[in-house]
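K.L.:
Okay, handing you the structure first.
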Amino acid sequence: MPDTITITDDRTGKSVTVPITDGVFPSSAIRELDPNLYMYDPAYLSTAAARSEITYLDGAAGILRYRGYPIDQLAEHSTYLEVAYLLLNGELPNKVELDAWIEDVTLHTFIHENMRKRFVDGFHYDAHPMGMFISSVAALGTFYDDAKNIHDPQSRHNAIVRLIAKTPTLAAMCYRFSVGLPFNYPDNDLSYPANFLNMMWKIGDYEVHPALERAMDILFILHADHEQNCGTTAMRVVGSSQADPYSAAAAAAAALYGPLHGGANEAVVRMLGDIGDAENVPAFVESVKNGESRLMGFGHRVYKNYDPRAKIIKEAAHDVFEVTGKNPLLDIALKLEEVALEDSYFVDRKLYPNVDFYSGLIYQAMKFPVDMFTVLFAIPRTVGWLAHWEELLNDKDQKISRPRQWYTGPDERDYVPLDQR
Ligand code: SDX
């Protein structure tokens with residue numbers, strides 16, 4: 010059988026046959042049949058919005074690869090900054106390239122003093138750190154006059170390095186502000202994850218525990234990219250109008266903030282806290298099945314199998330708990346997973362634990378407040394957003410994103426004066 014699809018418009022008898030390549034066929038087939046014919050595809054359930062070489066997902070098999078490298082191998086052997094280089098450049102760096110990349114990022118971890126002294130003080134004392142983070146990322150672009158020079162490779166590189174280097178600093182700044190603690194400046198003698206933990210927690214003598222440093226690095230690797238997810242789609246849509254990358258990244262972070270997306274890790278821990286005890290799990294599961302509750306941290310648009318990241322995070326949790334002590338919510342989570350994976354409601358809908366189901370337990374054990382969890386997702390996802398942004402700018406197929414609609418509103422009608430309504 011040929012790898013083609015033939016679409017016939019029965020209204021005209023006109024047919025068009027186009028190739029199917031890797032499960033995708035060009036929408037030009039539809040335009041060829043009738044330029045005023047559109048596919049109705051809310052939430053893009055059946056739409057490939059981009060051609061990408063960055064991340065590969067196989068939802069049925071539970072496979073995730075960055076530039077062809079399996080996520081479990083990268084989590085075991087790599088570091089976040091090495092993975093960031095891979096996502097951006099397509100190849101793992103050699104020693105010289107990696108050292109230069111690390112130095113480039115390290116030298117850009119500081120933020121302008123006006124961000125710390127004036128901008129952040131504009132927030133209310135109990136502002137949610139994710140709201141502060143989104144605003145800070147957008148504001149960051151106002152400090153660089155080359156922010157809009159998106160067609161200049163050096164300006165793009167500058168913005169990419171600044172955003173990767175400064176998002177941990179912004180995140181820590183938002184946290185320290187929210188708890189009324191003095192800001193810690195970056196310590197460029199520390200690794201990327203250690204520097205972040207140091208900025209977050211340092212009061213007096215503070216040493217980053219190597220096991221927590223490594224766990225942070227693994228979590229950053231696992232959250233770095235995930236093809237055309239909601240936040241990355243936002244980055245691509247905003248980037249397609251040729252907005253600056255700081256504004257586009259702020260839009261991506263705003264999309265990530267939603268509880269159905271990156272906000273799920275915060276929602277999972279609140280859900281586990283509300284369940285309160287493993288013996289309450291069966292009753293909670295029933296409330297999910299009758300539509301009263303949603304099992305946060307379960308389900309995925311692509312994975313109809315176990316999210317490979319969830320497996321790795323579940324293993325990493327034990328290393329963290331060795332240092333911090335076990336998170337009491339873990340037993341509830343394990344019971345919830347056990348009950349759900351044996352229940353036809355979840356099995357029939359192919360609902361398995363996703364990246365957010367266990368990550369929050371680690372963050373909480375590491376003493377991160379729950380309202381920082383989505384910020385912890387946004388820090389590493391910044392490189393994924395930027396890799397897709399640059400790929401979009403270099404893709405000759407891409408134009409400004411501007412979908413059409415299925416109009417179901419009223420037909421033409423005349424204005425009715427106020428005294429006649
Ligand atoms: C992330 O896209 C990405 O790659 C995202 C991400 C990334 O790295 O960027 O992987 C990160 O966002 C992970 C997902 C985190 N979100 C959550 O954990 C929130 C809980 N999960 C869901 O709300 C849901 O599963 C989604 C949003 C993740 C996916 O939703 P879909 O693909 O739109 O599926 P759906 O809502 O149409 O659900 C299909 C069925 C429905 O039942 P029926 O109406 O057919 O009876 O499954 C049910 C849903 O009600 N369902 C759930 C459920 N998720 C789906 N029922 C209970 N609990 C859930 N969690």
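Take the sequence shown: its letter number 334 is residue 343 in the numbering used here, and every next letter is one higher.
Just so it is clear, CB atoms sit at the ideal spot from N, CA and C, and this is done for glycine as well.
Give the secondary structure of residue 61 by DSSP, where H, G and I count as helix, E and B as strand, and everything else as coil.
P.N.:
Of the three classes helix, strand and coil, the one that applies to residue 61 here is coil, per DSSP.
K.L.:
Let me make sure I understand the geometry here. Which of 122, 207, 212, 79 has the alpha-carbon closest to that of residue 1?
P.N.:
The first residue shown for the chain is 10 and the last is 430, placing residue 1 beyond what the model contains.
K.L.:
Got a sec: does ligand 1 put a non-hydrogen atom nearer than 7 angstroms to the Cβ of residue 240?
P.N.:
The answer is yes for residue 240.
K.L.:
Confirm the yes/no value for this check: CB of residue 20, any heavy atom of ligand 1, distance under 7 angstroms.
P.N.:
Checking the Cβ of residue 20 against ligand 1 gives no.
K.L.:
Please indicate yes or no: does the CB of residue 170 lie closer than 7 angstroms to some heavy atom of ligand 1?
P.N.:
Result no, Cβ not under 7 angstroms from ligand 1.
K.L.:
Are there 16 or more other CB atoms within 10 angstroms of the CB of residue 375, so buried, or fewer, so exposed?
P.N.:
Buried, by the Cβ-count rule.
K.L.:
Give the range of the beta strand (DSSP E) segment to which residue 170 is assigned.
P.N.:
Where residue 170 is concerned, there is no enclosing beta strand (DSSP E), although the alpha helix (DSSP H) it sits in stretches over 162-187.
K.L.:
Which residues bound the beta strand (DSSP E) around residue 23?
P.N.:
Note, residue 23: beta strand (DSSP E), 23-28.
K.L.:
In whole angstroms, what is the alpha-carbon distance linking residue 353 and residue 109?
P.N.:
Whole-angstrom Cα-Cα distance: 52 angstroms.
K.L.:
Measuring CA to CA, which of 232, 219, 181 is closest to residue 332?
P.N.:
It is 219 whose Cα lies nearest to the Cα of residue 332.
K.L.:
Under the assumption that residue 401 contacts residue 156 (Cβ atoms under 8 angstroms), give the Cβ distance between them as a whole number of angstroms.
P.N.:
About 17 angstroms; that fails the 8 angstroms criterion.
K.L.:
Under the criterion of a Cβ to heavy atom distance below 7 angstroms, does residue 101 qualify as lining ligand 1?
P.N.:
The answer is no for residue 101.
K.L.:
Measuring only the C-alpha atoms, how far is residue 265 from residue 394?
P.N.:
Roughly 11 angstroms separates the two Cα atoms.
K.L.:
Which residues in the same chain as residue 160 place their Cβ atom closer than 8 angstroms to its Cβ, once the five residues preceding and following it in sequence are excluded?
P.N.:
Closer than 8 angstroms at Cβ, skipping near neighbours: 402.
K.L.:
Cβ-heavy atom distance between residue 90 and ligand 1 below 7 angstroms?
P.N.:
Checking the Cβ of residue 90 against ligand 1 gives no.
K.L.:
Would you identify the three-state DSSP class for residue 293, choosing helix, strand or coil?
P.N.:
In the structure shown, residue 293 sits in a helix (DSSP, three-state: H, G or I).
K.L.:
Which one of 188, 258, 385, 171 has the shortest CA to CA distance from residue 134?
P.N.:
The option with the nearest alpha carbon to residue 134 is 188.
K.L.:
Can residue 425 be considered in contact with ligand 1, in the sense that its beta carbon sits closer than 7 angstroms to one or more heavy atoms?
P.N.:
No; taking the cut-off as 7 angstroms, the Cβ of residue 425 has no heavy atom of ligand 1 nearer than that.
K.L.:
Using a Cβ distance threshold of 8 angstroms, determine whether the segment 333-348 contacts the segment 134-147, with at least three qualifying pairs required.
P.N.:
No, because fewer than three Cβ pairs between the segment 333-348 and the segment 134-147 fall closer than 8 angstroms, the two stretches do not touch.
K.L.:
For the beta strand (DSSP E) that contains residue 73, what are its first and last residues?
P.N.:
First-last of the beta strand (DSSP E) with residue 73: 72-75.
K.L.:
Say the cut is 7 angstroms; is the CB of residue 199 nearer than that to a heavy atom of ligand 1?
P.N.:
No - ligand 1 has no heavy atom lying nearer than 7 angstroms to the Cβ of residue 199.
K.L.:
List the endpoints of the continuous beta strand (DSSP E) containing residue 383.
P.N.:
It is not in any beta strand (DSSP E) - residue 383 instead sits in the alpha helix (DSSP H) that spans 382-402.
K.L.:
If you draw a straight line from the C-alpha of residue 378 to the C-alpha of residue 270, how long is it?
P.N.:
Going by the C-alpha atoms only, they are around 19 angstroms apart.
K.L.:
Between the Cα of residue 6 and the Cα atoms of 285, 416, 170, which residue gives the shortest distance?
P.N.:
Within the shown structure, residues of the chain are numbered from 10 to 430, placing residue 6 beyond reach of any answer.
K.L.:
Whose C-beta lies closer than 7 angstroms to the C-beta of residue 84 among residues of the same chain, with five residues either side of it excluded?
P.N.:
Contacts found: 227, 230, 231, 321.
K.L.:
Flag residue 384 as yes when its Cβ comes closer than 7 angstroms to any non-hydrogen atom of ligand 1, and as no otherwise.
P.N.:
Incorrect: residue 384 has no Cβ contact closer than 7 angstroms to ligand 1.
K.L.:
Any idea which residues DSSP pairs residue 33 with across the strands?
P.N.:
DSSP lists 30 as partners of residue 33.
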